[in-house]
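Data first, discussion second: the structure below is written as C-alpha cells.
Protein chains in written order, with the working numbering: chain A, 44 to 388; chain B, 44 to 388.
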C-alpha cells in the first residue's frame, strides 16, 4: 500500500510508498571518508580565505589569525557578488538580472574533524549567533530581498570542502520555493485567520506520532508530506516569522535542539550526508502574521531525485511516522546530556 | 561575473555562475560500471517480471517468452497501484489520498548493455511507440489525471536496474511542477494570445546560440534559465500540447532527434547518468492552445542539489550558450549517419 499526502503549505502531493518501506539499515552507509591534505578553513591558513567579516575570537587575538572559535569569510568562488550593481533587463521573451548578492561561509569551529552535532552546545550557539549576526547585517543592504542560510554536509550533499561550515547567500530575488510557502501560508491565513504552521504544530504535539523531540521553545518533527526519508523540520513553538528576531536565550534553546536533532540523525543513520535550509521571512517583511520561520533538514539517503526534480513529484520510501519513531529511539548517552549524543566516527 | 535568469514559463530564477564556469572535462566522469549478474529484464527471464501488458515481438512468439524487441511490464515494486480504489480524505489540517495509479516499465531492448542512443533508429522509434501506446491506453482510466513518462539512466540518476528502461507512472493528481507550467503558460497566453513555448522556439531558432540541433519537426536546445549544466530540452516545432497525439511519422522524426541528442550528450560528457521527463498535457486536456509538450533531459553532473531542493533556487556552473556549443561540436561519425553517434563504452 502506498498513499498520497498533500503538503498543507505549498500544496505539493507526495507519494509515501510503503511498498518500498525503508528502515534506517536499508540505506547504504554513505559516511564521509576523510580526505586529509590542505584545508583553507584550518587555523593557521587564515590568509588562504578572503578576509573575515565576523568572528568569535579569544580576547587579544587579531582578525585573520588563529584564536577564533567561529569565523565568517566571503566565499572565494561566490555564486553572487556584493560589488555588482543591480541591473535588470529583458532579452526578447527572457528576463535577466545581474548576479548581485553576497555569498559567505561560516566556519563552525577550528576543528577540521568535528561535526556540528559534536560541538559543545555553547559552540553550536555561537555558530547560530554568527549566522544571525550576518543576516542582520546583510539585511541593511536594500538591494537584497532574501537571506538564505543553509548547510551542505558531506560530499553527496554537495559539500566541496570537508571542514564543517554553513553558508549564507543574500539574493536580489525571493527564491521560488520561499515565495510559494509565503503564498500558501497567506492563503490559509486569509481563510482561517490562523498561521498554518501554528495549526500544524498544535496538531502534531497532540498526535505525537511525528514528533521527534521538543524543548521549551522548539519542536522537531517529521512532516506529514515528507519528500525525503527522514526529512526533519525544526520549528519554534511560538509564532515568529524571522529567525533573526530571536533573543540570545532563544538562540541557546535552538542550539540545544539543533544539536540534539542532528545527533539523533547521526546515530540513527550512521552520520548521513545532509542539507539543512533555514526558511525565514524576506528581508523587508520580518513580522508576518501568516509565516512561521523554521529549519528543514534533508538527509541525503536516496538517489531517486532526478525525476522528482523534473516534476516536483516525490516518492518517499519511509513513512514519516516510522522515521519519527526511529529518531526518538536513536541511542542517546543519557549519562552525558550536555555531551556528544553519539560516538565519533 | 554571474547573472540571474528567469524561467519564462514558471517564473523561477536561476543563478548562472560563470565564476565556476565548467566545461565538459571539468565534470568527473561518472560512467556507469557494468554490475553483471542476474537481470530480470534479460530475454529468458520473462517470468521474473509481472506479465507483460504490451510488446513489440517477432511474428509467432508468445507473450512472456523471448522474441520481443520492446516489452512493457508493470513495475514489480510499484509506487502506485492500479487495483486501489481512489479515496480522498482529511486528517485534521492534512489531506491524503489512496495510492491509486499505475507504474509500468518499458524495457527498451533485449540487449542488456545497449544504451538508448546506441539502438538503431527504428528500435528507438519502437520504444517511443510503446510508451505512447501505453499512455493512450492508461488515459482511458478516468481515475488518472496525469501520465508521466521518464527515464533514470545510471545509478547516480536513480536507476536501480542497469538494463536500459523507461518508466511510466499514471497519477490521480497533476504533479506540482506540471501544474505550475500549465499556469505560467496560460497566463502568458491570456496576456499575449500566443503560446510561450512557440515564442521561445521562434526566438531561439533566430538567435541560434542555444540551439543544439533540429530536424523537420523538432528542435533541441539548452534552455535560457537552465537549472543544471547541459540541461537540454527537445520540443516539437509545431504547436501541440500532448505527445500521444503524434502521428507515426512524427514519432519516427522524434526518435531520430532523441537518439541524436542523447548521442551528443553521451559524446560530450562521456556517457553521463541522466534523467529525462516528458512534459505533456494532463489526461483530460489533450488540446490546449497555451501548452506545448516537450522532453526535458537533465544530465546528472553536479551534486549541489540539496540546497536547491530546499529552496527551488538553482546555481548552474555552465552557461547554457556554452553547453549548446559543446553539444553542437560533439564528435559525430559523419560516415555513419544512421549508426552510433559515439563509440561504445
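In this text, a Cβ means the ideal position worked out from N, Cα and C, and glycines have one as well.
Among the options, the one whose alpha carbon lies nearest that of residue i
i             : options                    : result
residue 369/A : 57/A, 67/A, 343/A, 227/A   : 67/A
residue 113/A : 145/A, 208/A, 82/A         : 208/A
residue 145/B : 237/B, 120/B, 203/B, 135/B : 120/B
residue 332/B : 362/B, 233/B, 374/B, 293/B : 233/B
residue 253/A : 267/A, 166/A, 373/A        : 267/A
residue 340/A : 351/A, 362/A, 305/A        : 305/A
residue 219/A : 125/B, 223/B, 217/B        : 223/B
residue 48/A  : 98/A, 360/A, 372/A         : 360/A
residue 342/A : 282/A, 291/A, 195/A        : 195/A
residue 168/B : 141/B, 225/B, 302/B, 105/B : 302/B
residue 217/B : 356/A, 374/A, 131/A        : 356/A
residue 33/A  : 118/A, 137/A, 87/A, 116/A  : Nothing about residue 33/A can be reported from this structure: the residues present for chain A run from 44 to 388 only.
residue 297/B : 171/B, 158/B, 157/B, 69/B  : 171/B
residue 190/B : 50/B, 352/B, 373/B, 328/B  : 328/B
residue 123/B : 132/B, 143/B, 106/B        : 143/B
residue 128/A : 159/A, 184/A, 179/A, 192/A : 184/A
residue 310/A : 107/A, 366/A, 118/A, 354/A : 366/A
residue 258/A : 299/A, 247/A, 249/A        : 299/A
Short CB-CB distance (under 9 Å) between residue i and chain B
i             : result
residue 284/A : no
residue 83/A  : no
residue 214/A : yes
residue 300/A : no
residue 150/A : no
residue 278/A : no
residue 210/A : yes
residue 260/A : no
residue 386/A : Any reading at residue 386/A needs caution, since the residue's pLDDT is 48, under 50, leaving its predicted position unreliable; the model's value is listed next. It does not; no Cβ of chain B falls within 9 Å.
residue 243/A : yes
residue 175/A : no
residue 383/A : Note on residue 383/A: pLDDT 49, under 50, position unreliable in the model; no value is reported.
First and last residue of the uninterrupted beta strand (DSSP E) at residue i
i             : result
residue 290/A : Looking at the DSSP string, residue 290/A is not in any beta strand (DSSP E), and its letter there is neither H nor E.
residue 231/B : No beta strand (DSSP E) contains residue 231/B, which is instead part of the alpha helix (DSSP H) from 219 to 235.
residue 191/B : 189 to 196
residue 138/B : 137 to 141
residue 334/A : Residue 334/A -> no beta strand (DSSP E), and no H or E assigned at all.
residue 208/B : 208 to 214
residue 344/A : Premise fails: residue 344/A is in no beta strand (DSSP E) and is neither H nor E.
residue 98/A  : 97 to 100
residue 261/A : 261 to 264
residue 322/B : 317 to 322
Chain-ordered chain B contacts of residue i [CB-CB under 7 Å]
i             : result
residue 354/A : 191, 218, 220, 221, 320
Contacts of residue i in chain A (Cβ-Cβ under 9 Å)
i             : result
residue 178/B : Under the 9 Å cutoff, chain A gives no residues; its nearest Cβ is about 15 Å from residue 178/B.
residue 142/B : 44, 45, 46, 47, 58, 59, 60, 61, 62
Any C-beta of chain A under 9 Å from that of residue i
i             : result
residue 361/B : no
residue 345/B : yes
residue 267/B : yes
residue 339/B : yes
residue 368/B : no
residue 270/B : yes
residue 377/B : Caution is warranted here: a pLDDT of 40 is assigned to residue 377/B, below 50, making its placement in the model unreliable, and the coordinate value is therefore given only provisionally. No, because no Cβ of chain A sits closer than 9 Å to the Cβ of residue 377/B.
Listed by chain order, chain A residues near residue i by CB distance under 8 Å
i             : result
residue 252/B : The contacting residues do not exist; residue 252/B stays about 11 Å from chain A at best.
residue 294/B : Within 8 Å Cβ-Cβ: nothing; residue 294/B doesn't reach chain A, min ~21 Å.
Under 8 Å from the C-beta of residue i: neighbouring residues of chain B
i            : result
residue 54/A : 219
Proximal residues of chain A, C-beta to C-beta of residue i below 7 Å
i             : result
residue 246/B : 135, 136
Delimiting residues of the alpha helix (DSSP H) encompassing residue i
i             : result
residue 369/B : 363 to 371
residue 165/A : 164 to 181
residue 249/A : 239 to 250
Residues that residue i contacts on chain B, provided the C-beta gap is smaller than 9 Å
i            : result
residue 51/A : 136, 137, 138
is_contact[residue i, chain C] using C-beta, thresh 9 Å
i             : result
residue 187/A : The question asks about chain C, but that chain is absent: this structure's protein chains are A and B.
Residues of the stretch 98 to 127 of chain B with Cβ closer than 8 Å to any Cβ of chain A, in chain order: Residues passing the 8 Å Cβ filter: 120, 121, 122, 123, 124, 127.
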